[in-house]
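In this text, residue positions in the sequence shown follow the numbering used here: the first is 540, and each later residue adds one. By construction, the Cβ of each residue, glycine as well, lies at the ideal position given by its N, Cα and C atoms. See below for the structure under consideration.
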Amino acid sequence: MSNCGVCFILRHYLDSFGRDVTCESCGTLWRVPIQNDYINNFEVSIDEYNDDAPIISRPLSRASSGDSSTSSNYPQSSSSSYRPTRRKITSAVDNDGRPVKHLVCENDWCTYYVPVKRSQKAAEGLLKSHEISCKKNREEKRRYKSVMKSSGMKSGVYVPYETDAFKEAQLDNSALLSMIKNEPVDE
């Protein structure tokens with residue numbers, strides 16, 4: 540996948556958008572995740588014309604009552620009461636251009652993911668054990684935070700909400716104070 544900074548941010552906040560988003564920087568189409576009931580109907584593919592664009596195709600139709608022209612299995616507008624949940628399967632491209640599938644923690648407060656490298660079953664086992672500890676840590680008011688080791692490997696720790704929020708607030712306040720100190724004073 541390209542090293543587009545805008546795509547990195549869009550991918551992280553994708554589940555909070557009300558509609559599909561196109562990256563203004565590189566043109567990658569990012570689809571809003573839909574409810575996990577429909578995960579089994581997903582077909583994960585890579586767009587042939589833009590190898591940087593991950594495409595998750597939605598199920599085309601489902602039997603429903605009422606007018607088929609207006610009904611669908613996912614919301615058309617952000618005004619509906621439907622709240623999409625984080626998708627469980629994501630797709631990306633590695634450095635060699637091969638598609639790589641990731642399994643993502645279904646908890647909306649968590650950013651944990653497992654790349655499916657060798658075995659789907661092994662990745663599902665890792666994800667299942669994480670989700671159990673994730674829910675347990677949530678009860679203890681802790682969340683998963685991804686960190687990079689000095690060796691360059693991805694790792695993660697569970698951090699308390701209060702401590703993490705307090706540090707962020709301190710950083711915001713110190714940045715604000717440094718900006719105020721540098722501004723000229725009008726007399």
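- Helix, strand or coil: which one does DSSP assign to Val545? The answer is helix: DSSP assigns Val545 an H, G or I state.
- Cα-Cα separation between Lys660 and Arg677, rounded to whole angstroms: Each residue's alpha carbon lies about 25 Å from the other.
- Query: For Gly544, is the classification buried or exposed, using 16 other Cβ atoms within 10 angstroms of its Cβ as the cut-off for buried?
  - Reply: With fewer than 16 Cβ atoms within 10 Å of its Cβ, Gly544 is classed as exposed.
- Arg550 by DSSP, collapsed to three states: which one? DSSP places Arg550 within a helical segment (H, G or I) once states are collapsed to three.
- Query: Roughly how many whole angstroms lie between the Cα atoms of His519 and Gly691?
  - Reply: Outside the shown range of the chain, which is 540 to 726, sits residue 519, and nothing can be said about it.
- Environment of Tyr700 [buried if 16+ CB atoms lie within 10 Å]: Around the beta carbon of Tyr700, fewer than 16 other beta carbons sit within 10 angstroms, so the residue counts as exposed.
- Message: Please classify Thr561 as buried or exposed, where buried requires at least 16 neighbouring CB atoms within 10 angstroms.
- Response: It counts as exposed.
- Item | From Lys674, Cys649, Pro654, residue whose alpha carbon lies closest to that of Arg637 | Ranked by Cα distance from Arg637, the options Lys674, Cys649, Pro654 are led by Pro654.
- To the nearest angstrom, report how far apart Arg558 and Tyr683 are at their CA atoms. Each residue's CA atom was taken as its position, placing Arg558 and Tyr683 some 27 Å apart.
- Item | Distance between beta carbons of Tyr652 and Cys673, contact taken as under 8 Å | In fact, because the Cβ distance is near 12 Å, the residues do not count as touching under 8 Å.
- Message: Can you tell me which residues form a DSSP beta bridge with Met727?
- Response: Nothing about residue 727 can be reported from this structure: the residues present for the chain run from 540 to 726 only.
- Item | Straight-line Cα distance separating Arg681 from Val698 | The straight-line gap from Cα to Cα measures roughly 5 Å.
- Whose CA, out of Cys649, Lys656, Met687, lies closest to the CA of Val639? Closest by alpha carbon: Lys656.
- Task: For the beta strand (DSSP E) containing Ser685, list its first residue and its last residue.
- Result: Counting along the chain, Ser685 sits inside the beta strand (DSSP E) bounded by residues 681-687.
- Query: So what's Lys656 in DSSP terms, helix, strand or just coil?
  - Reply: Lys656: coil per DSSP, three-state reduction.
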